[in-house]
Structures are given as C-alpha cells and as structure tokens.
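Asks:
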Amino acid sequence: ADIVVVCRTGVRATIAAETLARVGRHAQVLEGGILGWRRAGLPLREGKKRLPVDRQVQLIAGTMILTGVALGTLVNPWFLALAAFFGAGLTFAGATGTCGLALVLLRMPWNRLSAMPADGTATCAAGAASTCAAPATPEK
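Its first residue numbered 12, the sequence shown is counted upward by one per residue in our numbering.
1. Should the region 33-51 be called in touch with the region 13-25, which here means at least 3 C-beta pairs below 8 Å?
2. May I ask you to list the residues that DSSP assigns as paired with Gln-69?
3. Quick one: give me the first and last residue of the beta strand (DSSP E) that Glu-57 is part of.
4. Given this structure, state the Cα-to-Cα distance separating Thr-30 from Gln-67, to the nearest angstrom.
5. Out of curiosity, what's the CA-to-CA distance linking Leu-82 and Phe-96?
6. Nearest-angstrom Cα distance between Arg-49 and Val-86?
7. By the 10 Å Cβ neighbour count, where 16 or more other Cβ atoms means buried, how is Gly-79 classified, buried or exposed?
8. If you run the structure through DSSP and keep just helix, strand and coil, what is Val-86?
9. According to DSSP, Val-16 sits in a beta bridge with which residue or residues?
10. Considering only residues of the same chain and omitting the five flanking positions on each side of Gly-98, which have a CB-CB separation below 7 Å?
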C-alpha cells in the first residue's frame, strides 16, 4: 500500500518519510504540506481546530503556578509547593526535552489520533499545529 505523509508545511512529513525509509517503508510527502495544498487552491476538508499540546501545557502549568502562589500567599504557605512542583516540571522539560505533562495530555481523548474511516477521508487530532486538516481527493 502507498503511504503519503502529510503535515502542515511538509518539514515534519519529510522527517517521518526518512524515518520510514530507514526501516524499509517507502512513503511520499505532500510537497509544501497542507499549506501548499491550500495555496494551490485544491479542495481541503478540515477537522475541528484544537489547541496544540504545547499551549495546553502552558495554560495548565501557568494556571497551577498562579494558583499555588495565590493560595500560598492568602491561605497557607504550603500551597507554594504547588507552584514549585510545576516550576520544577517546566525546568526539567526545558533541560531534557521531555515534558511529563505533555505526555499525559497526549493520552487524553481530545488529543488522540482518530482512525481513518473506510471512505478514505482522513481525520486527526491536535499535534503541533492548531488546525488539523486532510486533503480531499481532487475531482477529475
């Protein structure tokens, strides 16, 4: 079966195709990605727009740090541990490139990839791009 790898601009798809080639699978890349497809005026079926995982992490971590500082100041100093925990997590993520919160969020239902339906139309979930789209088959 033919494999066509698609991403927003084509950069990540090219990396994925190279990875597949190293394990003996041939994949083609949609040149220019979804943005190139859109610029060419070709038909495009778009899914729901979702918040990227990195922004979900920023919102959660920021909210928890602010909450910890506010509660630590107004209620009990032990709540500062909440801010310290999330601050340490962000520091670890920055130092290692591994974000535990992002890994947890990727397992949530709204961030999971959906299977491709039998009719061949693609669906997907949030990843690095906030818009998830799949090219429709051009009419001949």
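Cβ coordinates follow ideal geometry from the N, Cα and C atoms, glycine included.
Remember, it's a predicted structure, so these values are computed and weren't measured experimentally.
Replies: In short:
1. Flag = yes, the region 33-51 and the region 13-25 touch.
2. In the DSSP output, where bridge partners are listed per residue, Gln-69 has none listed.
3. Per DSSP, the unbroken beta strand (DSSP E) holding Glu-57 starts and ends at 55-57.
4. 28 Å
5. 14 Å
6. 53 Å
7. Buried, by the Cβ-count rule.
8. Secondary structure at Val-86: coil, using DSSP grouped into helix, strand and coil.
9. Val-40
10. Answer for Gly-98: Ile-76, listed in chain order.
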